[in-house]
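The opening residue of the sequence shown carries number 1138 in the working numbering; numbering runs sequentially from there. The beta carbon of each residue, even a glycine, is placed where N, CA and C say it ideally should be. For clarity, every value in this text was computed on a predicted model and none was experimentally measured. The structure under discussion appears below in the form of structure tokens.
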Amino acid sequence: LPACEELGIGFVPYSPLGRGYLTGKVDESTTYDKSDIRSGKPRFTPEAIRASRAVIDLLENIAAQKGGTPAQIALAWLLAQKPWIVPIPGTTKPHRLRENLGAVDLTLTQADLDLIAAETARTNVLLPAFGKPSRPTSASSFNSSRRVRVSPSVPGVARRGVRLTELLKCMLPRPPLPP
């Protein structure tokens, strides 16, 4: 990430909702078919879910205070880190796309960011690839401008910084999603 910042390169976090893990919809009783990639991931074992539940509980509490969802809080947290970090969560459901886009309208205060940083620093999380406990780095920076650099290959978007909402609008399917 420091190299991205130094070189002015944007960063798109892979699976910003942790394959659904940060949505609050996954609990110890959640099971996956063997064909689902999550079935073999260490972070989706009942033990890992139990160990990380405090982070999900915190996201749910902040979401309730802000009138959002845990997924929106997780995405808003990423948006608050650096203006060049742009989460683009994948989904096949129009209502989830609308929910995810709602993260742009949420504002996390410095106190919210500090609370999330403190909880993640206390919680051991299993790395998906290796299954080893990890302490995520805590970022306490806050940037409300939410401007990103994008490639000129994105239709209708210049290389200069644009608002994230403008970038997301150009990626929305046309015609508009049904209500």
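For D1249, the uninterrupted alpha helix (DSSP H) run begins and ends at Q1247 to R1259, by DSSP. According to the DSSP assignment, D1194 belongs to the alpha helix (DSSP H) that extends over P1183 to K1203.
Residue burial is scored here from C-beta neighbours: V1149 has fewer than 16 other C-beta atoms within 10 angstroms and is therefore classed as exposed. Comparing alpha carbon positions, the residue from L1159, L1234 and H1232 closest to W1214 is L1159.
Around the beta carbon of D1249, 16 or more other beta carbons lie within 10 angstroms, which makes this residue buried. CA-to-CA, the gap between L1243 and G1205 works out to about 8 Å. Rounded to whole angstroms, E1143 and T1168 show a C-alpha spacing of 42 Å. Cα atoms of A1188 and G1145: separation of roughly 36 Å, rounded to the nearest angstrom.
For L1195, same chain residues with a beta-carbon under 6 Å away, outside a window of 5 residues either side, are E1256 in chain order. In the DSSP assignment, W1214 falls within the alpha helix (DSSP H) that extends over P1207 to Q1218.
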